[in-house]
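Q: Got a structure for you, written out below as structure tokens; questions coming shortly.
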Amino acid sequence: MKVKVLMDDIDNFKNALSYMLTLRKLCVLRFTPERLTIISSAVNEPQIWCNLDQTSFQHYEVESTRNGIISMEVNIEPLFHVLKNYENVKQDSLLLRLQRRPSDNSNKQAIGNKDKSAVCLSIIYEEFVTVTTTISHSFNIPARLLKATSDERIQNPDIRNENVHVAMKITPLLAPFFKRIERYKTSDTIQISANKLGYLNFKVC
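Just so it is clear: in the sequence shown, position 170 is 174 by my numbering, and no numbers are missing.
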């Protein structure tokens, strides 16, 4: 099992995490040979699915016995903060990889049958302080691998309906909309209207 992602431009990845954080911190990262899918999904709550094609990254390598699919549940808030810190320094490319979660040597006996689903996303980059001086930064973000049965239950919502003909790029302006859905989710009706100027109006009934 292997995940190795190298990126010199983190904008798409960081912006996707930023959108997700408007709803919830706990998300699923699904790595496949073709893309990284970030999923914000919970029962009876709004969902966001974001696909980042492998061409979005400088280097993208995923290997697993499950047809190259690796899915994990992660608190994306610390991951987002690491990316923001990375932006603010003079740096080289950022490396993201999957590894076993470090364990305390003094506690090895107590965790002889350790949970194999407990892993971490390791983030590594170097900061250029001067021409001759660099500082290596390394962060471990705890994650939990999902079993195939659990991952397969997370399905992209089917919107192939003859009455649905809306395709739009998610912008920061939609963040308040999702928050309002969370606030008024006891209501089961949303009224949507549009005009020729390209505006969509949403009304929670």
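In this text, a Cβ means the ideal position worked out from N, Cα and C, and glycines have one as well.
(1) Ordered along the chain, which non-local residues of its own chain (more than five positions away) have a Cβ less than 8 Å from that of D155?
(2) Would a C-beta distance cut-off of 9 Å place K29 and E65 closer than the cut-off?
(3) Decide if C209 is buried, meaning its Cβ has at least 16 other Cβ atoms within 10 Å, or exposed.
(4) Apply the 10 Å Cβ neighbour rule to V133 and answer buried if 16 or more other Cβ atoms are within range, or exposed otherwise.
(5) Could you name each continuous alpha helix (DSSP H) segment of 4 residues or more that falls completely within the region 132-157, going from the start of the chain to the end?
(6) In whole angstroms, what separates the C-alpha of M11 from that of V93?
(7) Whose C-beta lies closer than 6 Å to the C-beta of L87 among residues of the same chain, with five residues either side of it excluded?
(8) Count the other C-beta atoms from every protein chain shown that fall within 10 angstroms of the C-beta of I42, then say buried if there are 16 or more, exposed otherwise.
(9) Might you give, ordered along the chain, the residues of its own chain that have their beta carbon closer than 6 Å to the beta carbon of P82, omitting 5 neighbours on each side?
(10) Can you name, in chain order, every residue of its own chain whose Cβ lies under 6 Å from the Cβ of S142, other than the five neighbours on each side?
(11) Does DSSP classify E49 as helix, strand or coil?
A: Based on what the coordinates show:
(1) V32, R34, I73 and S75
(2) no
(3) exposed
(4) exposed
(5) 152-156
(6) 15 Å
(7) I14 and K18
(8) buried
(9) I145
(10) I128
(11) coil
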